[in-house]
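Numbered continuously in this note's numbering, the sequence shown closes out at residue 410.
Heads up, the thing below is written out as structure tokens.
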Amino acid sequence: MKWKDIMPVLAGGLVILVVALVVKPALLGEPIGLISTGPAPVTTSPVYIPPTPAPAATPFPEDSAAYTRTLRWTAIDGGVQTTQVRVPEALFIEHRETPRFADPLAWGQYALADADRPILEDLAHRIAPPTANPAEEYFRMMNLIFFVQQIPYESDTSAESYTEGVLPYYARHVGGGVEYPKYPVETLVDGKGDCEDAAILMGGLLDALGYDTVLLQYPDHMALGIRMDGFNPWYAKYTPKYFEYEGKHYYYVEGTNYTTISTGNSTYWGKPLPIGDTQDGSLQSVRSGTPGIIPLRYIPTPVEYQIRPVRLPAGA
């Protein structure tokens with residue numbers, strides 16, 4: 095066979111190959127380069143499938159590292175109780191790394207910190223279980239107060255007041271001492287605190303049970319005020335002290351009425367003190383005046399700046 099006779103055959107084979115590999119797949123919707131051996135696939139419109147949302151990670155998982163503290167205290171019925179508290183380490187560290195408000199008017203925000211709320215609600219309901227009997231409501235509240243009052247007292251200036259054994263980075267040096275108001279869970283983990291720490295913790299726990307409280311600020315002391323109407327217990331050998339704020343009566347509650355543990359020990363063991371009693375304890379002199387009343391939900395107002403007119407050129 096001559097060359098001129100082979101050329102038409104090769105050309106025809108090339109045409110057949112192009113049709114098989116390119117034209118047919120394009121018409122049938124088959125992928126180019128593949129030879130279909132079965133029936134043509136059924137084509138459908140694409141359907142959007144949204145991605146499966148990833149579960150939101152909880153800030154402090156249950157299985158995360160945590161501080162566990164067991165606190166012993168005497169209830170109002172005289173029985174000795176033990177209460178265990180679990181605080182995530184990440185939450186504790188986050189609080190330690192948070193700057194402190196210099197203005198005590200803002201310290202109520204520590205008592206109402208959102209991150210502490212679940213821990214305080216759980217603790218408050220275990221110490222003071224809900225009751226449908228109004229006659230038991232007072233004892234329920236007093237158990238919570240007694241619990242806080244018996245946390246050992248330790249000054250902010252002392253490194254013994256902190257789990258780490260050193261002053262926190264944001265401890266403020268004021269005069270010759272240190273000021274470091276703690277978040278409630280910090281006091282629980284440290285197992286110690288001073289007057290404002292006890293007031294803040296007590297305020298947060300009572301608020302978790304629905305009680306209306308305020309901080310009572312003295313020149314060198316802080317206590318708590320709890321709203322009550324006509325409180326005058328028959329058994330009291332004292333006249334319950336209260337302060338009026340916005341037409342409401344807030345009765346004095348001491349958080350750091352303490353007794354000395356031993357000579358030379360800077361830590362003092364807290365002891366119970368009834369509502370409205372200001373006649374007992376070593377702090378009687380500092381709580382004899384009229385305190386400033388700080389609602390827990392006080393919102394600090396921004397600093398005011400005076401706007402001065404700019405001097406313009408003459409004739410401007």
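We put the beta carbon where it would ideally sit given N, CA and C, even for glycine.
Put simply, the stretch 284-291 touches the stretch 245-259. At least three CB pairs are less than 8 Å apart.
DSSP links W167 through a beta bridge to Q175. If you look at E280, you'll find it in the alpha helix (DSSP H) that goes P278 to D284.
Residue environment analysis places V347 among the buried positions, since at least 16 neighbouring C-beta atoms fall within 10 angstroms of its C-beta.
Selection A184, V283 and Q203 evaluated against G298 yields Q203 as nearest (Cα-Cα).
Taking one beta carbon from each stretch, the stretch 235-242 and the stretch 325-342 have fewer than 3 pairs nearer than 8 Å; the two do not touch. Around the Cβ of T307, a 10 Å sphere holds 16 or more other Cβ atoms; the residue is buried.
The alpha-carbon of Y161 is positioned some 31 Å away from that of D314. Under DSSP, G324 shares a beta bridge with no residue. No Cβ-Cβ contact shorter than 7 Å links N237 with I294. Between R163 and V179, the gap from beta carbon to beta carbon is short of 7 Å.
Taking C-beta atoms as the reference points, P334 and Y344 fail to come closer than 7 Å. Counting the other Cβ atoms within 10 Å of the Cβ of V279 gives 16 or more, which makes it buried. CA-CA distance, A205 to T192, rounds to 14 Å.
According to the DSSP assignment, P212 belongs to no beta strand (DSSP E) but to the alpha helix (DSSP H) extending over R211 to I221. DSSP places R194 in the coil class of the three-state scheme, outside both helix and strand. Inter-residue distance for M322 and L310 is about 15 Å (C-alpha atoms, whole angstroms).
Per DSSP, E338 is one residue of the beta strand (DSSP E) stretching across Y336 to Y339. Exclusion of the five residues before and after P366 leaves F240 and Q243 as the residues of its chain whose Cβ lies within less than 6 Å of its Cβ. Contact check for W201 against P155 fails: the beta carbons are separated by 7 Å or more. In this structure N351 is buried. Its beta-carbon is surrounded by 16 or more other beta-carbon atoms within 10 angstroms. The C-alpha of Y264 lies about 7 Å from the C-alpha of R194. Taking 7 Å as the cut-off, the beta carbon of L185 is found closer than this to the beta carbon of A209. A straight line joining the alpha-carbon of D291 with that of E340 spans about 25 Å.
Y312 is not a Cβ neighbour of P198, given a cutoff of 7 Å. Between the beta-carbon of A317 and that of R211 there is about 23 Å, and that puts the pair past the 8 Å contact cut. For L206, DSSP records no beta bridge to any residue. Under the three-state reduction of DSSP output, I245 falls in the coil class, being neither helix nor strand. In chain order, T177 place their CB closer than 8 Å to the CB of R220, counting only its own chain and leaving out the 5 sequence neighbours on each side.
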